[in-house]
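S.K.: 135 is the number that full-length UniProt numbering gives to position 135 of the sequence shown; each next residue is one higher, with no gaps.
Don't be surprised by glycine CBs; every beta carbon is placed ideally from N, CA and C.
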Amino acid sequence: MSLSVVVPCYRSARILPTLVERLNGVLPGITPDHEVILVVDSTDNTWDVASQLAGKYEHVQAIRMARNYGQHNALIAGIRAASFERIITMDDDLQHPPEELPKLVDALTDDLDVVYAVSEQEEHGVFRNITSWGAKTLVMGRTMGIPNADVLGALRIFRTFLRAGFDQVSGPHVSVDIVLSWTTTRVGSTTVRMDQRTEGRSGFTFRSLMKHAVNMILGYSTKPLRLVTYLGFLIGICGLVLTIRLIYLYFSGDTTVAGFTTVASLVTVFSSAQLIGIGVLGEYLGRVHAHGMGRPTYVIREHVNGNDRVGADRVGADRVGADRVQG
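#1: If residue 51 sits next to residue 62, beta carbons under 8 Å apart, how far is it from one beta carbon to the other, in whole angstroms?
#2: Buried or exposed: where does residue 249 fall if 16 or more other Cβ atoms within 10 Å of its Cβ makes it buried?
#3: Tell me the residue span of the alpha helix (DSSP H) that contains residue 226.
#4: Residue 9 and residue 43 - do their beta-carbons sit closer together than 8 Å?
#5: My guess is that residue 27 and residue 3 are in contact by the Cβ rule of under 8 Å, so how many angstroms apart are they, rounded?
#6: How big is the Cα-Cα spacing for residue 153 and residue 118?
#7: Are the Cβ atoms of residue 102 and residue 30 separated by less than 8 Å?
#8: Enumerate in chain order the residues of its own chain whose CB-to-CB distance from residue 186 is below 6 Å, with the five nearest sequence positions on each side excluded.
#9: Measure the alpha-carbon distance for residue 316 versus residue 301 and round it to whole angstroms.
#10: Between which two residues does the beta strand (DSSP E) holding residue 117 run?
#11: Can you tell me whether residue 22 is helix, strand or coil according to DSSP?
#12: In the DSSP assignment, the beta strand (DSSP E) including residue 178 goes from what residue to what residue?
#13: Tell me the rounded alpha-carbon separation between residue 82 and residue 240.
#14: Mark residue 20 as exposed unless 16 or more other C-beta atoms lie within 10 angstroms of its C-beta, in which case mark it buried.
#15: Starting from residue 102, follow the alpha helix (DSSP H) in both directions and report where the run begins and ends.
#16: Going by beta-carbon coordinates alone, are residue 76 and residue 169 separated by less than 8 Å?
#17: Look up residue 190 in the DSSP assignment and say whether it is helix, strand or coil.
#18: Among 227, 164, 233, which has the Cα closest to the Cα of residue 281?
#19: How about residue 15 and residue 78: do their beta carbons lie closer than 8 Å?
#20: How long is the line joining the alpha carbons of residue 13 and residue 182, rounded to whole angstroms?
#21: Buried or exposed: where does residue 155 fall if 16 or more other Cβ atoms within 10 Å of its Cβ makes it buried?
#22: How many angstroms separate the CA atom of residue 277 from the CA atom of residue 39?
#23: Assuming the contact rule is C-beta atoms closer than 8 Å, residue 179 and residue 165 should be a hit. Round their C-beta distance to whole Å, please.
#24: Closest by CA to residue 70, which one among 303, 197, 304, 299?
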């Protein structure tokens, strides 16, 4: 068994040496064939630290993105660079203890292709937990139709052959979990200890969560279009019922049709529904347009693998070592 560990790094210069040191203490006990891939997309000195670590340890690689494309984009770059038969993805803030990785490896039994780590206890505040539940259960589960969406998380292990599902992924909006759900239904979970963040502040905000949720819904689901269709039918039925009632009241002599009020109300309702529908269609058309422009999922500026440093003249948005998988 061989293992690749992919870590997206963002403003974590002070934490990376500790993280790599702890990984060095754990990974040899799991398998002698292992590597650590640090993917950096921040503009501070995180790259300097990551490249130094890659030069110091032959099993550590450092990949520098041309800009900040997002966590999942960085993950895909690292996944494509992986050399070994199993891949672990984890955060860089030490909330995912390296000492818990053996549990994750043991949980990936022969009948499973993907295993997610679930915290023994809630490590975030009430607001974060509620919004996280909503993103997983409502967005990923109900809207996207992903089974076992409640166990999704950033600490995961999966078999490297599943990355073939990423071959056709392009454009700026990507999700590792959605693509993995397309490649296999053999998904499990295991309970591990999660620690508190020791350095800096989390990049999580309600705005970033909502942005990611909208990107996933509009990028990987047609349900919003279906919802607009249902909304149109519902408003049409309501309008028909209201019209029949007004005609009945008019001919029964119970009341007179209040022209301006009635027309204004109907125009407001129907105009609102039309604008909502146009807005949803516009979002989809905008994404089709953006995809047609060929916006890359990521571009690699530099890749350091031991003493081998590959600059921007030799790397780009395509794979880095994707064909080097070892069985």
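M.R.: Reading from the atomic positions:
#1: Position 51 of the sequence shown holds residue 51. Position 62 of the sequence shown holds residue 62. Their Cβ separation, rounded to whole angstroms, is 5 Å, which keeps residue 51 and residue 62 in contact under 8 Å.
#2: By one-based count along the sequence shown, residue 249 stands at place 249. Residue 249 comes out exposed.
#3: Taking the sequence shown and counting its residues from 1, the one referred to as residue 226 is at position 226. Where residue 226 is concerned, the enclosing alpha helix (DSSP H) stretches over 223–252.
#4: Within the sequence shown, numbered from 1, the residue matching residue 43 stands at position 43. Within the sequence shown, numbered from 1, the residue matching residue 9 stands at position 9. Judged by beta-carbon spacing, residue 9 lies beyond the 8 Å limit of residue 43, meaning their Cβ atoms are not closer than that value.
#5: Counting from one through the sequence shown, the residue named residue 27 turns up at place 27. Counting from one through the sequence shown, the residue named residue 3 turns up at place 3. 7 Å between Cβ atoms; contact.
#6: For the purposes of this step, residue 153 is identified with residue 153 of the sequence shown, where counting begins at 1. For the purposes of this step, residue 118 is identified with residue 118 of the sequence shown, where counting begins at 1. Distance between the alpha carbons of residue 153 and residue 118: 7 Å.
#7: Translated into the one-based positions of the sequence shown, residue 102 becomes position 102. Translated into the one-based positions of the sequence shown, residue 30 becomes position 30. Result yes, Cβ atoms of residue 102 and residue 30 sit closer than 8 Å.
#8: If you number the sequence shown from 1, residue 186 lands on position 186. Cβ neighbours of residue 186 beyond the five flanking positions: 112, 113.
#9: Locating residue 316 in the sequence shown gives position 316, counting from the first residue. Locating residue 301 in the sequence shown gives position 301, counting from the first residue. In this prediction, residue 316 scores a pLDDT of 43, lower than 50, which makes its location untrustworthy; the coordinate-derived value is nonetheless stated afterwards. Computed Cα separation, rounded: 7 Å.
#10: Taking the first residue of the sequence shown as 1, we reach residue 117 at position 117. Residues 114–119.
#11: To locate residue 22, count along the sequence shown from 1; it is residue 22. DSSP places residue 22 within a helical segment (H, G or I) once states are collapsed to three.
#12: Taking the first residue of the sequence shown as 1, we reach residue 178 at position 178. Note, residue 178: premise wrong, no beta strand (DSSP E); alpha helix (DSSP H) at 176–183.
#13: Within the sequence shown, the letter at position 82 stands for residue 82. Within the sequence shown, the letter at position 240 stands for residue 240. Cα-Cα distance, rounded: 60 Å.
#14: Here residue 20 corresponds to residue number 20 of the sequence shown, with the count starting at 1. Only buried fits residue 20, as 16 or more other CB atoms lie within 10 angstroms of its CB.
#15: Within the sequence shown, numbered from 1, the residue matching residue 102 stands at position 102. Under the DSSP assignment, residue 102 falls in the alpha helix (DSSP H) whose first and last residues are 101–107.
#16: Counting from one through the sequence shown, the residue named residue 76 turns up at place 76. Counting from one through the sequence shown, the residue named residue 169 turns up at place 169. Cβ distance < 8 Å, so residue 76 and residue 169 count as in contact.
#17: On the sequence shown, residue 190 is found 190 positions in, with the first residue counted as 1. Three-state DSSP puts residue 190 in a strand.
#18: Translated into positions along the sequence shown, residue 281 becomes position 281. Comparing Cα-Cα distances from residue 281 to each of 227, 164, 233, the minimum goes to 227.
#19: Mapped onto the sequence shown, residue 15 falls at position 15. Mapped onto the sequence shown, residue 78 falls at position 78. Going by C-beta atoms, residue 15 is not nearer than 8 Å to residue 78.
#20: One-based indexing of the sequence shown puts residue 13 at position 13. One-based indexing of the sequence shown puts residue 182 at position 182. Those two C-alpha atoms are separated by around 35 Å.
#21: Translated into the one-based positions of the sequence shown, residue 155 becomes position 155. With 16 or more Cβ atoms within 10 Å of its Cβ, residue 155 is classed as buried.
#22: As a first step, residue 277 is located in the sequence shown; it is residue number 277 there, counting from the start. As a first step, residue 39 is located in the sequence shown; it is residue number 39 there, counting from the start. Roughly 39 Å between the two C-alpha positions.
#23: For the purposes of this step, residue 179 is taken as residue 179 along the sequence shown, with counting starting at 1. For the purposes of this step, residue 165 is taken as residue 165 along the sequence shown, with counting starting at 1. 5 Å between Cβ atoms; contact.
#24: Taking the sequence shown and counting its residues from 1, the one referred to as residue 70 is at position 70. Minimum Cα distance to residue 70 is reached at 299.
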